[in-house]
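Asker: This structure is in structure tokens; I'll ask about it shortly.
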Amino acid sequence: MKITRRDVLVWGAGATAGLVFTPVPWKLLSDISIWTQNWRWIPQPTHRPVDVKGSFCTLCPNGCGIRVRMAAGWPVGVAGVRSHPISRGALCPLGFAAHQLIWHPQRLRTVRHRRSTSSWDEAHVAFAKACTEGPVVIVDGYPGHAASSLFEAFAEKQRGSYRVVSGPEAQALTPYETWSGVPATALGYDLENVRTIVSFGAPLLDGWGTPGQFTRLWAERAAGAADPDLRLIQIEPSLSRTAARAWQRSAIHPGGETALAAGIARVLLEEQLVQARGPMPPLTLAQSAEQSGLSTDAIRDLARLIVGRPPVVAIASDDNPSIAALNVLLGAVGTRGGIVQKSKHAKSHLPAESELDSVRAVLIDSSVPWDFVPQTDAEVFRFAAWDGGSSKADWLLPAPGFLEELTDIPTAPTSAIETYAIASSLVKAPPGVQSAAQFLGRVDPDLTPVDKIIHTRCEALFRARAGTLCAQETTPVAMIPSVEKLEEQLQSGAVWMGEPQHPGGLRCKLSEWPQATRSECPPCNSLGTWRAPVLPPLASKLYQESSLREGPERRNP
Amino acid sequence: MNATRNTFVFGLGVAIALLAGWVIFPRALYVRQNQLLAFHHKTHAEKSGFTECGQCHALRDDGTFGGIPSSDTCTSCHSERMGASHDEAVLVDNYVKTGQEVPWLVYARQPANVWFSHAIHVQRAGLACAECHSTYGQSDEVRIYEQNRLSGYSRDIWGHSISRIRLGRHDGMKMDDCEDCHRRHHVQAGCLGCHQ
Amino acid sequence: MASTVLTDRRWIERGAERASLPQFLLWLAPWVVVLAVGIYAGGLCLYYGLNQTNMDNRFAFGLWIFFDLSIIALGAGAFFTGFLVYLLKRTDLRPILNTAVVVGFICYSGAVTILMIDVGQPLRAWFTFWYPNTHSMLTEITFCITCYLLVLSIEYLPILLRNRQLRKLPSFLVFEHQLHKLMPVLAGVGAFLSFFHQGSLGGLYGVLRGRPFAFRQGFFLWPSTFFLFILSAIASGPSFLILVTAAAEKVTGKRLVPREVFQRLAFISGALLGIYVIAKAIDTLIWLNITSPSLGFAPWQFYIYRPFGTSLLFVEIVLFGLIPAFLLTYRRTAALRGWLLTAAGLACAGVVLNRFRLTIQTLALPTLAFDPFLQYTPSWQEVASFAGVIAYGVIVYSLSYRYLPLFVQLKGDRSHVSVD
Amino acid sequence: MSTRYGMVIDLDRCTGCGACMVACAAENNVPPLPQATSRTGLTPMLVRRVSNGMEGQARREVFIPILCMHCEHETPCVSVCPQQAVELDKGTGIVMQMPQRCLGCRYCMTACPYHARYFNWWDPAWPQGMEKSLNPGVAVRMRGVVEKCNLCHARLHSAKEKAAAAGKREIDPADYVPACVEACPTAAIQFGNLADKDDPVSREAHSPDAFRFLERIGTEPKVYYKSGEAWVRALKGSVSEVEVKRG
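Protein chains in written order, with my numbering: chain A, 600 to 1156; chain B, 31 to 226; chain C, 89 to 508; chain D, 1306 to 1552.
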């Protein structure tokens, strides 16, 4: 018998009716919605156990203490370390997402010669050749760390020279070097004891120096109080986030800092508000008022306010000598709460910019800020972990990134106390990556490698038996049984802290008021002393998904 | 005549639907996989003399659950091949020696949004492992791992009765099953208690 | 031969005058295009997610919520007419009943479609039935609308089955006849459900304590907007029916329903609108003087942002409220087609404006003292899916008009069916 | 006695550095989406910059971290959710969002007066390999659902687990500190148990300088703010109230 259309319809009706009494529709309904909860293209975190490692942030010279949460061999979180004597548990916003930098899309993974892919061997040949042909310059961003001494040794042997690019905080200390002979790297701010700070545009609350140090001090001794124990006076043309939170703030004309410093100095001397009797600035009060944009009375009041609660120190955002001179008048140099000498054996270094002509090659370490471009026609070897784009360098050499390299952390530029720490490499660096130190080590095998240098430094610390080791609890170095124990503790996140030096012994001879110089470095941006050419993707939220910070534009593609 | 024919055709439809829904569908919905290695709980228990599940499936110091022992645990006995079986060779050569983890298929794996703490349920509440995992620990079988094609869940989550009617006592690890047990023990957790 | 191929006469009601098939297809064509674009746009939203729209975290509800609230309000004519005909025995309204059902069906199915496109996880929508939160207005809405859409479909079915060809199947005819007996019950159920979800749509924003522009004190568990929405819906529903039918008459160039029906609807619409506007005015006063001040919000702050000035309030209450209410109830004006349609139009505009202010203005206004006043312009995908649903409505209505006996009075009242 | 977790945020101490925002995003596996903007991004913790509306020397600015306020009374988002994806946790007072239950209707977002809820407009995505840096214990949310601050409940979980393993019933408060609190360099964000009278946080919450935003709406937020500056405290009210105070 033939099947009619009706049969099909009826059969379909029956099947549908029957299906309702099977699990099919109901189970599918459930499973499809569960499917939307577990889309395969959405990554999920690992099941592997998490353990916490102590280390230090190497993304700027300040080396804040960090706790790194590790799972399946990769970092999954970064946090501050309370017991760190300088950073005191704080990190800059960028630090909290720094562990993502390992995976940054702009990560440099291959050697590049003039933008085309090349190899380490070719780079070696080129550099070795350069070394034989003429003087080479090695540029370092973190003077004083183990690699630095390797760089210096190499430069010495090759009749080349070792140069340093220092951040704005360090540069602000250079005038004192010229007047006292003590190297700027040996100086620091005794912030713990200061009670009045006159900041000439220094972003004190916005990533200045070791981010945690001053903000924590300010929070404990200044924030919110009508007459705080620590007076922060911000002198700045614009309403920066530091100015917004400062105790007092004077809006001056852009570039008026020099004139205002002179004006204040004149008032201090005329009204004999300080012991110093000179030198008297050439500018009259009227002139400085006119140039700074404040009234003469305002300047007088400011001067009186400043000396109202000693000890006082003026902090400049660059190497402006007038502000340094003001500190000398205020007696803030070599005194408690002022600018102090923290170490006896620090060296002074040539700035990277000085005479680079008649140089055969320039090797730039990955610690040097990306925007440093040497004014030279020499062959440039640029080490970097990330490609910041538009580089003039002939060679781009992939360096180990965050957490990937064993390095030590010398004293932070602004700190008043010597510290020493070791950031061990927690993550295996990707293949085809080499640090400048390793590179030079291959060129000249006789150089002492970084790990050896670190070991000798630990031995020196151990033999000196001075200072204390800050971990969960602090122990004097004298109590530590062996150098191995000391090194092991340092490797796992402990910090060595030296004894505070006696402030005396730092004398500045200042016969006449310094000439105003064109300031060399621009004031710090809101990134503080951040050195990597890229931001952690999550940190770009600050710029992209909130109105919290204006610029720089997101640096990621 | 016409009417009877209709009823027959209709009934046929119903019958086929029921067959497809109850017999074919459950088979089609799940992918069946064998474990890479034939691991026998019973044998290992006897050889090692272990009596507690926790002796292999231990809690870590921070209270998190160790789960399936890592391959270096095997090293203590399987550092060299113990017998000629193919699986043995695979285990020793590919995992024990290389130190890689065996890609076990985890029957009781919950999805990412679930947070389940063995410490709380076993340590504090004192539940027996068999409450949820049945007696697989004493068995000598190597179960087949069934994975739902749509949700990617192990069959154990939904339970082996496709209709979830008359589930075995230790069968099923859906939220409903968790809730039942919580209700029986008068424990209130709230969403936050068990979800990430 | 060709002519017979190109004709659908045998599907069209005997004696009913209909345009030729090509003409009809020509009329449909543009709407089909719009519908196609709409489907594409909706597909984009479902496939790529709601980043296709211009909604954002602050403007989390956009065009769609306004659209849904509006068409559901306008669709209220369906249940209300059914309510009048079957429960209040106003048989004189029967001629409009089928249109009412079709319009209602279109509006509700359209609303549900849009809703499914504009939630982030439509595949989980059934959770609302499995794990319902009984305190949520949205749960109430979901339940009622789903059930009522079902009711509407069943109400639509007999009209469908009365198609000339389908009628020929005896079993269908029996089925249709049974259904017909069911109608009063369905009308009752429909009325009940509709009263609730029309209300809960009002409650949707009325309960938002965090949005003082929308928040209203309530009676029992429902905020005042709950009742205002019911009122405004049943007030504008009939007006919308008038407009739709008038439009149909314009397009077909036929007189489809006797004038009295229009008069009747107009009067009902007008009277209810009058009551609504007064209630609305009182509610606004209470809200401005008691509710929002008690939450720390001064009335004037809702009106300082252009274009949401007090003028809108005036427009809503007087221009789109009192005036149409008068025009619709006053016999003289209601008798004049021009006036009638204008008034009906104003009445519908009124309810739409009300829905717009409640949904869009509420989100645009700041709550925290340092919030900005927000702007939002829908993306083309949103507009397209919006237009698509309208096209869908026109198409369904056209088809129903062409092939189904929408206006039964053409052959005298056929409350019981006779096989011919 | 049930716990009531809450915060007191000292606005005088906030320098607007944004560390809390980044730490929060990293802890909770928030995807870094290049296409996200200030209106479509995911910022469970968001620091907003607010001025007193003056210019020149008289201008003052304050940074206000905005997160879920975990309203205790008539919690606006809880009552509106049609399918119980939002819940006020009985034991802790945490307002909890369940992305896997959420159908993405966004009704809760319109209900929240603090705009502390965020919608996943895009599929979450990370640059190649970066998924290895995801934080274990926090499930990644999928596109089309709402999320918000859950007070880092993953940390609460591990604290509970640790306690259970040690045979304790109560967690050690030191083990449960949300990421933003831990990250704040000036300790401006204080976290604790408001139900405990001796907890420093509940004492702070009753200090004269403490306030909550939109208090008069009556939802009893559990996130308090505090400031010595009158104009900042005035911000707690609506636009109208602030205008009135500014005169």
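Idealized CB from N, CA, C, for every residue including glycine. Model, not experiment: these values are computed from the prediction.
1. Of the choices C:S380, C:Y293, C:R299 and C:V120, whose alpha-carbon is the least far from that of F315 of chain C?
2. Check whether chain B comes within 8 Å of G611 of chain A, counting only Cβ atoms and requiring the distance to be less than that.
3. Does F695 of chain A come within less than 8 Å of chain D when only Cβ atoms are used?
4. Taking 8 Å as the threshold (beta carbon to beta carbon), is E1119 of chain A in contact with chain D?
5. Shortest alpha-carbon distance to K943 of chain A belongs to which of A:A875, A:T975, A:E1017 and A:P880?
6. At which residues does the alpha helix (DSSP H) containing F69 of chain B begin and terminate?
7. Quick one: measure Cβ to Cβ for A1492 of chain D and A818 of chain A, integer angstroms, because I've assumed they're closer than 8 Å.
8. Can you grab the Cα-Cα spacing for the pair N186 of chain C / G170 of chain C, in whole Å?
9. Counting Cβ pairs, one atom from each stretch, are 3 or more of them under 8 Å apart for the segment 1099-1118 of chain A and the segment 670-684 of chain A?
10. Near F396 of chain C, which residues of its chain fall below 8 Å by C-beta distance, leaving aside the five closest residues on each side in sequence?
11. With DSSP as the reference, identify every bridge partner of T1067 of chain A, one or two as the case may be.
12. From the beta carbon of R154 of chain B, is the nearest beta carbon of chain D less than 8 Å away?
13. Please check if any C-beta of chain D sits within less than 8 Å of the C-beta of W1129 of chain A.
14. List the residues of chain A whose Cβ lies closer than 7 Å to the Cβ of M1435 of chain D, in chain order.
15. For G165 of chain C and F328 of chain C, which I take to be in contact (beta-carbon distance under 8 Å), what is that distance rounded to the nearest angstrom?
16. Can you tell me where the beta strand (DSSP E) with D1315 of chain D in it begins and where it stops?
17. Of the residues that make up the segment 139-151 of chain B, which ones have a beta carbon closer than 7 Å to any beta carbon in chain D?
18. To the nearest angstrom, how far is the alpha carbon of A888 of chain A from that of A860 of chain A?
19. Give me the Cα-Cα distance between W99 of chain C and L494 of chain C, rounded to the nearest whole angstrom.
20. For the segment 90-102 of chain B, enumerate the residues whose C-beta is nearer than 7 Å to any C-beta of chain D, in chain order.
21. On the criterion of 16 or more Cβ atoms from any shown chain inside 10 Å, does K1140 of chain A qualify as buried, or is it exposed?
22. Answer yes or no: does any C-beta atom of chain A fall closer than 8 Å to that of Y60 of chain B?
23. Is DSSP giving Y527 of chain C helix, strand or coil here?
24. Of all the CB atoms in chain D, is at least one closer than 8 Å to the CB of L222 of chain B?
25. Mapping the DSSP letters down to three states, classify K1453 of chain D as helix, strand or coil.
26. I want to see whether chain C comes within less than 8 Å of W1431 of chain D, judged by CB atoms only; does it?
27. Going by C-alpha to C-alpha distance, which of A:G862, A:W1095, A:P704 and A:L901 sits closest to G664 of chain A?
28. Let me make sure I understand the geometry here. Which of A:P1099, A:R1062, A:A1036 and A:R876 has the alpha-carbon closest to that of A752 of chain A?
29. Excluding the 5 residues preceding and the 5 following V1450 of chain D in the sequence, name in chain order all residues of the same chain whose CB lies nearer than 7 Å to its CB.
30. Take A124 of chain C as the anchor and find which of C:A475, C:Y489, C:V484 and C:P311 has the nearest alpha-carbon.
31. Report the residues of the segment 1410-1428 of chain D with a CB closer than 8 Å to any CB of chain C, ordered along the chain.
32. In chain D, which residues lie less than 9 Å from R815 of chain A when you measure between Cβ atoms?
33. Is the segment 899-909 of chain A close to the segment 853-872 of chain A, with three or more CB pairs under 8 Å?
34. Using only alpha-carbon positions, find the residue among A:E1086, A:V1133 and A:I898 that is nearest to P986 of chain A.
35. I want to see whether chain D comes within less than 8 Å of A386 of chain C, judged by CB atoms only; does it?
36. Please classify R1064 of chain A as buried or exposed, where buried requires at least 16 other C-beta atoms within 10 Å of its C-beta.
Answerer: Well, looking at it:
1. Counting from one through the third sequence, the residue named residue 315 of chain C turns up at place 227. It is C:Y293.
2. Position 12 of the first sequence, counting from 1, holds the residue named residue 611 of chain A. Yes, G611 of chain A counts as interfacial toward chain B.
3. One-based indexing of the first sequence puts residue 695 of chain A at position 96. Answer yes: the Cβ-Cβ gap between F695 of chain A and chain D drops below 8 Å somewhere.
4. On the first sequence, residue 1119 of chain A is found 520 positions in, with the first residue counted as 1. For E1119 of chain A, the predicted model reports a pLDDT of 43, less than 50, meaning its position is unreliable; a value from the coordinates is still stated below. For E1119 of chain A, no Cβ of chain D is located within less than 8 Å of the residue's own Cβ.
5. Here residue 943 of chain A is taken as the residue at index 344 of the first sequence, counted from 1. Residue A:E1017 is the option with its Cα nearest to K943 of chain A.
6. Working through the second sequence from its first residue, we reach residue 69 of chain B at position 39. No alpha helix (DSSP H) contains F69 of chain B, which DSSP labels as neither H nor E.
7. Locating residue 1492 of chain D in the fourth sequence gives position 187, counting from the first residue. Locating residue 818 of chain A in the first sequence gives position 219, counting from the first residue. About 6 Å separates the two Cβ atoms, so the contact holds.
8. For this step, residue 186 of chain C is matched to residue 98 along the third sequence. For this step, residue 170 of chain C is matched to residue 82 along the third sequence. So the two alpha carbons sit approximately 9 Å from each other.
9. Contact fails: fewer than three Cβ-Cβ distances are below 8 Å.
10. In the third sequence, the residue the question calls residue 396 of chain C occupies position 308. Contacts found: F390, R445, Q449, A452 and L453.
11. Indexing the first sequence from 1 puts residue 1067 of chain A at position 468. Note: T1067 of chain A sits in a beta bridge opposite A:P1075 and A:M1096.
12. Along the second sequence, read from residue 1 onward, the residue named residue 154 of chain B stands at position 124. Yes, its Cβ sits closer than 8 Å to a Cβ of chain D.
13. Counted from its first residue, the first sequence places residue 1129 of chain A at position 530. Taking Cβ atoms only, chain D never reaches closer than 8 Å to W1129 of chain A, which makes this a no.
14. Numbered from its first residue, the fourth sequence carries residue 1435 of chain D at position 130. In chain order: Q699 and W702.
15. The residue given as residue 165 of chain C occupies position 77 in the third sequence. The residue given as residue 328 of chain C occupies position 240 in the third sequence. 5 Å between Cβ atoms; contact.
16. Here the question's residue 1315 of chain D lines up with position 10 in the fourth sequence. Looking at the DSSP string, the run of the beta strand (DSSP E) that includes D1315 of chain D is Y1310 to D1315.
17. Flagged, chain order: A142, N143, W145, S147, A149 and I150.
18. By 1-based counting over the first sequence, the position of residue 888 of chain A is 289. By 1-based counting over the first sequence, the position of residue 860 of chain A is 261. Distance between the alpha carbons of A888 of chain A and A860 of chain A: 10 Å.
19. Taking the third sequence and counting its residues from 1, one reaches residue 99 of chain C at position 11. Taking the third sequence and counting its residues from 1, one reaches residue 494 of chain C at position 406. Between W99 of chain C and L494 of chain C, the C-alpha separation is close to 14 Å.
20. D92, G93 and T94
21. Within the first sequence, the letter at position 541 stands for residue 1140 of chain A. With 16 or more other Cβ atoms within 10 Å, it is buried.
22. The residue given as residue 60 of chain B occupies position 30 in the second sequence. No, Y60 of chain B does not count as interfacial toward chain A.
23. In this structure chain C extends from 89 to 508, so residue 527 of chain C is not present and cannot be described.
24. Translated into positions along the second sequence, residue 222 of chain B becomes position 192. For L222 of chain B, the answer is yes, since a Cβ of chain D falls inside 8 Å of its Cβ.
25. Here residue 1453 of chain D is taken as the residue at index 148 of the fourth sequence, counted from 1. Residue state, collapsed to three classes: coil.
26. Here residue 1431 of chain D corresponds to residue number 126 of the fourth sequence, with the count starting at 1. Answer no: the Cβ-Cβ gap between W1431 of chain D and chain C never drops below 8 Å.
27. Within the first sequence, numbered from 1, the residue matching residue 664 of chain A stands at position 65. Closest option to G664 of chain A, Cα to Cα, is A:W1095.
28. Taking the first sequence and counting its residues from 1, one reaches residue 752 of chain A at position 153. Considering only alpha carbons, the answer is A:A1036.
29. For this step, residue 1450 of chain D is matched to residue 145 along the fourth sequence. So the list reads P1404, C1407, G1409 and N1425, once near-sequence residues are dropped.
30. For the purposes of this step, residue 124 of chain C is taken as residue 36 along the third sequence, with counting starting at 1. That would be C:A475, whose Cα lies nearest to the Cα of A124 of chain C.
31. C1410, R1411, Y1412, M1414, T1415, A1416, C1417, P1418, Y1419, H1420, R1422, Y1423, F1424, N1425, W1426, W1427 and D1428
32. In the first sequence, the residue the question calls residue 815 of chain A occupies position 216. Within chain D, P1490, T1491 and A1492 have C-beta atoms less than 9 Å from the C-beta of R815 of chain A, given in sequence order.
33. yes
34. The residue you call residue 986 of chain A lines up with position 387 of the first sequence. A small correction: the amino acid at residue 986 of chain A is Asp; Pro does not occupy that position in the sequence shown. Cα-wise, what sits closest to D986 of chain A is A:V1133.
35. Start at 1 with the first residue of the third sequence, and residue 386 of chain C comes out as number 298. Yes - at least one Cβ of chain D is within 8 Å of the one on A386 of chain C.
36. In the first sequence, residue 1064 of chain A corresponds to position 465, counting from 1. Burial call: exposed.
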